[in-house]
Structure formats: C-alpha cells, structure tokens
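Chemist: Below: one structure in structure tokens.
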Amino acid sequence: YHRRALTIAKRLQHPVALGHACFGFGFHQYYLAKWETAIELLRESAEAYWEAGHLRGWGAATAMIARIYYCEGDFKHSLEQSYETLRVGQDGADPQVWGWGLQGLGQIQCCTGPLEEAEINLKKALELFKSIPDYPTIAETNGDLGECYIRQGKLKEAMELLEYSNQMV
6 YHRRALTIAK RLQHPVALGH ACFGFGFHQY YLAKWETAIE LLRESAEAYW
56 EAGHLRGWGA ATAMIARIYY CEGDFKHSLE QSYETLRVGQ DGADPQVWGW
106 GLQGLGQIQC CTGPLEEAEI NLKKALELFK SIPDYPTIAE TNGDLGECYI
156 RQGKLKEAME LLEYSNQMV
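All the letters of the sequence shown, read from the start, carry residue numbers 6 to 174 under my numbering.
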C-alpha cells in the first residue's frame with residue numbers, strides 16, 4: 006500500500022500527498038530497521054511538506070530522521086536534525102514541532118551529557134506536549150525523562166514518573 010500511495014502521489018505531484026506517502030513509507034521502513042531507505046523517504050517527505058508550507062508534517066519527518074540517527078548512534082547528525090526541528094518549531098510558534106526538537110535534544114543529552122540540560126529540555130518538551138495535549142508523546146517523553154533521572158541517580162523520581170506514564174498508557 007505504501008508503494009502504491011507513493012506511485013500515485015508522485016504522479017499527482019501534490020506536495021502534501023507526496024509528503025504523506027513518503028512519510029508513511031519512511032515510517033514503515035524505520036520499523037523494519039531499513040534506516041537508510043527510511044531517511045531517504047523521510048527527507049523527500051520533509052522537502053514536500055516544506056514546499057507545501059505544512060510545518061507539522063515537515064517537523065514530523067525531520068524529527069523521525071533525528072530519531073533514526075539517534076538509534077544508529079550517530080549523535081552528531083541527530084543533534085543537527087533536532088536543533089533544526091527545535092528552531093523551526095520556535096520560529097513557527099508550533100508547540101508540537103518545538104517539543105519534538107527539544108525531546109530529540111534531551112534524548113541525546115541523556116546519553117552524552119550534560120544530564121542537567123537533558124532534564125531541562127525534556128521537561129520543557131513535556132510542557133509543550135501537555136499544552137496541546139499530545140498524550141502518546143507525553144508518555145514517550147516521560148520515559149526519556151525517567152531514563153535521565155535514572156542516570157542522575159534520582160531513582161525515586163524516575164519510578165514515580167514511569168509509574169505515572171504506565172497508568173497514562
């Protein structure tokens with residue numbers, strides 16, 4: 006279905022349709038761990054969304070690219086994508102895109118340090134996600150913050166947060 010949608014979207018040359026088709030196919034490739042293909046499709050998605058002025062679609066694709074680089078351990082490129090997502094989200098006053106950038110940044114900082122900055126970025130991301138509200142991403146970001154707390158030795162805070170997230174899910 007993804008291939009068919011992509012074929013149709015390319016034939017139509019409608020940027021939002023192309024963005025959606027590339028994003029869906031790229032997301033599917035991400036879950037199959039075909040990350041190189043996923044990044045190519047998500048870049049094409051981001052470009053199509055940008056052309057259409059679809060900020061949220063662009064942000065979703067760009068944040069997914071950052072996530073793939075993170076999963077690969079390529080923190081340099083993941084940081085670049087996260088900072089770009091954060092900047093565009095701030096400039097566009099879009100709390101979700103801004104939050105995705107902060108979440109990506111916080112995830113990397115949780116692995117590389119500084120942990121205090123990771124905690125600040127993840128908490129700010131949570132504030133933004135709660136303002137929407139975006140419950141699935143709140144739960145995911147709570148998990149990231151819980152990991153950060155564990156790395157900081159704040160086990161009580163981590164357990165409380167993770168138990169809250171589990172109840173929310």
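For every residue, glycine included, the Cβ atom is placed at its ideal position computed from N, Cα and C.
Please classify G78 as buried or exposed, where buried requires at least 16 other C-beta atoms within 10 Å of its C-beta.
Modeler: By the 10 Å Cβ count, G78 comes out exposed.
Chemist: Name the residue from E52, G97, Q114 and W105 whose alpha carbon lies nearest to the alpha carbon of A22.
Modeler: The candidate whose alpha carbon is nearest that of A22 is E52.
Chemist: According to DSSP, simplified to helix, strand and coil, what is L37?
Modeler: In this structure, L37 counts as coil in the three-state DSSP scheme.
Chemist: In chain order, what are the residue ranges of uninterrupted alpha helix (DSSP H) at least 4 long that sit wholly in the stretch 95 to 150?
Modeler: Whole alpha helix (DSSP H) segments, 4+ residues: 100 to 117 and 120 to 136.
Chemist: Verify whether the separation of the beta carbon atoms of C153 and L127 is less than 8 Å.
Modeler: Cβ atoms of C153 and L127: closer than 8 Å.
Chemist: Can you tell me the Cα-Cα spacing of H7 and K161, whole angstroms?
Modeler: Cα to Cα, the separation comes out at about 44 Å.
Chemist: Short of 7 Å in beta carbon distance, which residues of its chain neighbour V102, apart from the five on each side in sequence? Order them along the chain.
Modeler: If we look at V102 and ignore the five residues flanking it on each side, its Cβ neighbours are L60, R61, G64, T90, V93 and G94.
Chemist: Is L110 close to chain D? Criterion is C-beta to C-beta, closer than 8 Å.
Modeler: Considering every chain present, this structure includes no chain D. It has just one protein chain.
Chemist: For G58 and A66, I'd like the C-alpha separation in whole angstroms.
Modeler: Taking the straight line joining both Cα atoms gives about 13 Å.
Chemist: Under 6 Å Cβ to Cβ from Q114, same chain only, skipping five residues before and after it: list those, please.
Modeler: Correct list, in chain order: E122 and A123.
Chemist: Relative to the alpha-carbon of G111, which residue among T12, N171, Q86 and D99 has its alpha-carbon at the smallest distance?
Modeler: When each option's Cα is compared against that of G111, the closest is Q86.
Chemist: Check each candidate in A10, Y140, T117 and H19 and name the one with the smallest Cα separation from N171.
Modeler: The shortest C-alpha separation from N171 is found at Y140.
Chemist: I think A14 touches A26, with their Cβ atoms under 8 Å apart; what is that distance to the nearest whole Å?
Modeler: Right, their Cβ atoms sit about 4 Å apart.
Chemist: Use the C-beta contact count for S136: other C-beta atoms within 10 angstroms, 16 or more gives buried, fewer gives exposed.
Modeler: The residue is exposed, with fewer than 16 neighbouring Cβ atoms inside 10 Å.
Chemist: Of the residues G148, Y54 and R72, which one's Cα is nearest the Cα of P20?
Modeler: For P20, the nearest C-alpha among the options comes from Y54.
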